[in-house]
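In the working numbering, the protein residues as written are 12 to 233.
C-beta: ideal position from N, C-alpha, C; glycine also.
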């Protein structure tokens, strides 16, 4: 496996894209620290002590729009002792519903490029997170952990790819806000009871007794 690891880098996602443009063959990029980490919708991803940052490319799920949801499920299964939960569309939460990770997906050369940020061990609080900031463990990571844990997660994902139905079923089981009052904000904000994800990863909200689908947006739990 061609795995490049750095003590510090602007962005694992940007570096991976640059390597592909140069014609380099690469499977995994990880870093102890990112100075310009990327989140969804042009947001930044904050870099903390005892956190993992890595990017990799893989074949999409059978239904491509389920790919990032599949990655979320598989990370939860990898770290099942931590009893992680999922928040639509791409956030990973602790068992206390605090944000501890996120998934970014871009299509590069017709294949998904996945960026993952995980607060693995304890670090400073950040009150700007709508759900509060959490971590998977209270561990202090060694220099080897920053490299080896991303490699183990990547290999676990490759070895445990899921069918579309498995993705949908397991994601709904791991959902942190099933049957809860939420808002989805896209061009406008709409509020309802979150019911499930559908066959393309879309969110279903019960709004005044009517089910409505949402294919994009940011979700807020009330």
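- prompt: Under 8 angstroms, do residue 204 and residue 192 count as touching if we go by C-beta distance?
  reply: By one-based count along the chain shown, residue 204 stands at place 193. By one-based count along the chain shown, residue 192 stands at place 181. In this structure, residue 192 lies closer than 8 angstroms to residue 204 by Cβ.
task: Kindly indicate which residue of 64, 75, 12 and 47 has the alpha-carbon position closest to the one of residue 179.
output: Taking the first residue of the chain shown as 1, we reach residue 179 at position 168. Ranking 64, 75, 12 and 47 by CA distance to the CA of residue 179 puts 75 first.
Outcome for residue 222 when other beta-carbon atoms lying within 10 angstroms are tallied against a minimum of 16: For the purposes of this step, residue 222 is identified with residue 211 of the chain shown, where counting begins at 1. It is exposed - the Cβ of residue 222 has fewer than 16 other Cβ atoms within 10 Å.
message: Please list the terminal residues of the continuous alpha helix (DSSP H) segment that includes residue 183.
response: Counted from its first residue, the chain shown places residue 183 at position 172. Here the alpha helix (DSSP H) through residue 183 covers 175-185.
field: Three-way DSSP call (helix, strand, coil) for residue 121 in this model
entry: Counting from one through the chain shown, the residue named residue 121 turns up at place 110. Of the three classes helix, strand and coil, the one that applies to residue 121 here is coil, per DSSP.
- prompt: What is the rounded straight-line gap between the Cα of residue 162 and the Cα of residue 146?
  reply: Numbered from 1 along the chain shown, position 151 holds the residue referred to as residue 162. Numbered from 1 along the chain shown, position 135 holds the residue referred to as residue 146. It is roughly 19 angstroms from the alpha-carbon of residue 162 to the alpha-carbon of residue 146.
- request: Give the secondary structure of residue 106 by DSSP, where H, G and I count as helix, E and B as strand, and everything else as coil.
  value: To locate residue 106, count along the chain shown from 1; it is residue 95. Looking at residue 106 - three-state DSSP - the assignment turns out to be coil, as it is neither helix nor strand.
- request: Could you tell me the boundaries of the alpha helix (DSSP H) in which residue 204 lies?
  value: One-based indexing of the chain shown puts residue 204 at position 193. From DSSP, residue 204 is part of no alpha helix (DSSP H) but of the beta strand (DSSP E) over 200-208.
task: Would you verify that the beta carbon of residue 68 is, or is not, closer than 8 angstroms to some beta carbon of chain C?
output: Any reference to chain C falls outside this structure, which holds one protein chain only.
field: Chain-order list of residues whose beta-carbon lies under 8 angstroms from that of residue 61 (same chain, five-residue window excluded)
entry: Translated into the one-based positions of the chain shown, residue 61 becomes position 50. So the list reads 130, 131, 132, 133, 134, 146, 150, 151 and 152, once near-sequence residues are dropped.
message: Using a Cβ-Cβ cutoff of less than 6 angstroms, which residues in the same chain neighbour residue 66 once the five nearest sequence positions on both sides are dropped?
response: Here the question's residue 66 lines up with position 55 in the chain shown. Here the set comprises 23, 24, 27, 40 and 126.
C-beta atoms of residue 77 and residue 171 nearer than 8 angstroms: Taking the chain shown and counting its residues from 1, one reaches residue 77 at position 66. Taking the chain shown and counting its residues from 1, one reaches residue 171 at position 160. Taking 8 angstroms as the Cβ cut-off, residue 77 and residue 171 do not qualify as a contacting pair.
query: In terms of DSSP beta bridges, what is residue 24 paired with?
result: In the chain shown, residue 24 corresponds to position 13, counting from 1. BP columns for residue 24 are empty, so no partner.
task: Please classify residue 101: is it buried, with 16 or more other beta-carbons within 10 angstroms of its beta-carbon, or exposed?
output: On the chain shown, residue 101 is found 90 positions in, with the first residue counted as 1. Residue 101 is buried by the Cβ-count criterion.
task: Check the DSSP bridge columns for residue 224 and list the partner residues they point to.
output: For the purposes of this step, residue 224 is identified with residue 213 of the chain shown, where counting begins at 1. According to DSSP, which records beta bridges pairwise, residue 224 is partnered with 215.
8 angstroms contact criterion, which residue 72 and residue 81 should meet: CB distance rounded: The residue labelled residue 72 in the question sits at position 61 within the chain shown. The residue labelled residue 81 in the question sits at position 70 within the chain shown. At roughly 5 angstroms, the Cβ-Cβ gap stays under 8 angstroms, so residue 72 and residue 81 are in contact.
message: Taking its Cβ as the centre, do 16 or more other Cβ atoms sit within 10 Å of residue 19, making it buried, or is it exposed?
response: Taking the chain shown and counting its residues from 1, the one referred to as residue 19 is at position 8. Residue burial annotation: residue 19 is exposed, with fewer than 16 other C-beta atoms found within 10 angstroms of its C-beta.
task: May I ask you to report which of helix, strand or coil DSSP gives residue 18?
output: Translated into the one-based positions of the chain shown, residue 18 becomes position 7. In this structure, DSSP gives residue 18 an extended state, which the three-state scheme calls strand.
Own chain partners of residue 36 with C-beta closer than 7 angstroms, once the 5 adjacent residues on each side are dropped: As a first step, residue 36 must be located in the chain shown, where it is residue number 25. Counting only residues of its own chain and dropping the five nearest sequence neighbours on each side, residue 36 has a CB closer than 7 angstroms to the CB of 13.
query: Three-state secondary structure (DSSP) at residue 170?
result: Your numbering for residue 170 matches position 159 in the chain shown. Residue 170 falls in the helix class under three-state DSSP.
- request: With residue 86 as the anchor, note down where its alpha helix (DSSP H) starts and where it stops.
  value: Your numbering for residue 86 matches position 75 in the chain shown. 78-89 is the span of the alpha helix (DSSP H), which, as asked, contains residue 86.
task: Tell me whether residue 187 is buried or exposed, calling it buried when 16 or more other Cβ atoms sit within 10 Å of its Cβ.
output: Locating residue 187 in the chain shown gives position 176, counting from the first residue. Counting other Cβ atoms within 10 Å of its Cβ, residue 187 reaches 16 or more and is therefore classed as buried.
message: Within a Cβ cutoff of 6 angstroms, which residues of the same chain sit near residue 123, ignoring the five residues on either side of it in sequence?
response: Within the chain shown, the letter at position 112 stands for residue 123. So the qualifying residues of the chain are 71, 78 and 116.
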